[in-house]
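Enquirer: Residue numbers (my numbering): 2 to 106.
Put into structure tokens, the structure is as follows:
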């Protein structure tokens, strides 16, 4: 049950961030904060699945392949959209996010 609500929250968060990242609105501090948040979210997910699948893990709830696909489906479009941002930070961070998301899927 808590897993379902976590996905609902991530979906709602992604929908709330998207208007701030459209080409007409992208810029300033909001863009930086959104790009940085997405980056750390992708990195955290990637680290967790690596630990769960490559190291002995006592976690009672593990991320599945279906969860991986859902995560990529949710965040890859946003990472691709951020490729159109003008700044070098946004571009490099988005490329790194896309690379990690590709490794997850």
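All C-beta atoms in this analysis are idealised placements derived from N, C-alpha and C, irrespective of residue type, glycine included.
(1) Under three-state DSSP, which class holds residue 18?
(2) Counting pairs of beta carbons, one from the segment 10-24 and one from the segment 78-86, are three or more of them closer than 8 Å?
(3) Could you give the distance in angstroms between the alpha-carbon of residue 67 and the alpha-carbon of residue 45?
(4) If we ignore side chains and look at the alpha-carbon of each, how far apart do residue 34 and residue 88 end up?
(5) Tell me the DSSP secondary structure of residue 12 in three-state form.
(6) Does DSSP put residue 64 in a helix, a strand or coil?
Expert: Working from what's here:
(1) Looking at residue 18 - three-state DSSP - the assignment turns out to be helix.
(2) Touching, yes.
(3) Counting only the Cα atoms, residue 45 lies some 17 Å from residue 67.
(4) About 13 Å.
(5) If DSSP states are grouped into helix, strand and coil, residue 12 belongs with the helices.
(6) Correct three-state label for residue 64: coil.
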